[in-house]
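Numbering (the UniProt record's numbering), first residue to last: 1 to 311. All C-beta atoms, glycine included, are put in the ideal place defined by N, C-alpha and C. Since the model is a prediction, treat every value here as computed from it, not as a measurement.
Written as structure tokens, this is what we have:
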């Protein structure tokens, strides 16, 4: 079966080369037909699991679509070449081809296609390179934002923010979250603004910046429905406990369902948050025995990602 497909592929390549020949009666190469034959050859190679040859065929298809000024189809072919690299687990090369395709989509005036391709590339590279995934998601978000597609843009920004937290690049995560929050405010999704405020507070406290955390909550009072909401009360309680070095109060808020069931990266920030000084000795001395039972730090296995150094 594989051998038959490989033979078919070579037949298509021979036809493509014939389309490119000129003569006295045929002055111009037939780039359109050549591209079509190389596309068929690429599919045959792919079905035979000859991914390197399939990649080369897709690149030839792209070359002739470019000659024919059909940039959208050229970009599609280059993206397919990237997928052939993905099949061989050559992710950096795969991403290079997809990024090149995205630039061509942009040149062709199809930015939505470019943004979706960048999103797909981010998903591909995320398991092996979080930094590159952040870059791709942010680029995709930027394309959607330029097109005033804010709902799509903010979803991609959210992916980038969570990965920045996972990478412990908290200063950048704080900036990204503020941008997310501004977008949600613009599209009037206020409940999501509340959630982003909670995530901001957790990040700023891990950065040791109580003032910035407090400012996030105060600024959110202007959001319709925030003042007095469950999210607001939880953050006010958390900030009070943190400021007064009340470990028991901080523990209760951080282990409440509201925070524990956030996106996993933010939930980990919550369960690993510690007040400055630690020990719970500076507040509620009389209640220390209770603190030992209910206000104890979260188990070590739940906090390994952030243990020892984000506060």
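Annotated three-state conformation of residue 111 is helix, per DSSP. Cβ contact annotation for residue 37 (same chain, cutoff 6 Å, sequence separation greater than five): 12, 15, 16, in chain order. Of 193, 250, 263, the smallest CA-CA separation from residue 182 is found for 193.
About 4 Å separates the CB atoms of residue 31 and residue 68; that is less than 8 Å, so the two are in contact. The Cβ atoms of residue 81 and residue 105 lie no closer than 7 Å to each other. Per DSSP, the continuous alpha helix (DSSP H) segment holding residue 85 begins and ends at 71-87. Of all alpha-carbon atoms in 275, 129, 128, 142, the one lying nearest the alpha-carbon of residue 116 is that of 142. Linking residue 60 to residue 260 through their CA atoms gives a straight-line distance of about 52 Å.
Residues of the same chain with a CB within less than 6 Å of the CB of residue 153, apart from the 5 flanking positions on each side, are 141, 144, 145 in chain order.
Residue 29 carries a coil assignment under DSSP once its states are collapsed to helix, strand and coil. Linking residue 103 to residue 187 through their CA atoms gives a straight-line distance of about 28 Å. Between residue 224 and the set 251, 172, 124, 185, the nearest pair of CA atoms involves 185. In the structure shown, residue 263 falls within a coil segment according to DSSP collapsed to helix, strand and coil.
Taking a 10 Å sphere around the C-beta of residue 25, we find fewer than 16 other C-beta atoms and assign the residue as exposed. Secondary structure of residue 146 (DSSP, three-state): helix. The three-state reading of DSSP puts residue 173 in helix, counting H, G and I together. As the crow flies, the alpha-carbon of residue 235 is around 12 Å from that of residue 196. The residues 16, 19, 20, 64, in chain order, have a CB closer than 6 Å to that of residue 34 in the same chain once the five nearest residues on each side in sequence are set aside. Nearest to residue 114 by C-alpha distance, out of 28, 53, 98, is 98. A straight-line Cα-Cα distance of about 10 Å links residue 88 and residue 50. In terms of Cα proximity to residue 229, the closest of 166, 252, 198 is 198. With contacts defined as CB atoms closer than 7 Å, residue 162 and residue 246 fail to qualify as a contacting pair. Distance from residue 250 to residue 269 at the Cβ level is roughly 12 Å; contact not present, criterion being Cβ atoms closer than 8 Å. The closest CA to that of residue 191, considering only 132, 242, 226, is found on 226. One Cα belongs to residue 7, the other to residue 55, and the distance between them is close to 17 Å. Residue 155 and residue 22 have their C-alpha atoms roughly 51 Å apart.
Note that the C-beta distance between residue 5 and residue 47 is below 7 Å.
For residue 3, the enclosing alpha helix (DSSP H) has its first and last residue at 2-20. Taking each of 110, 147, 85, 107 in turn and checking the Cα distance to residue 121, the smallest one comes out for 85.
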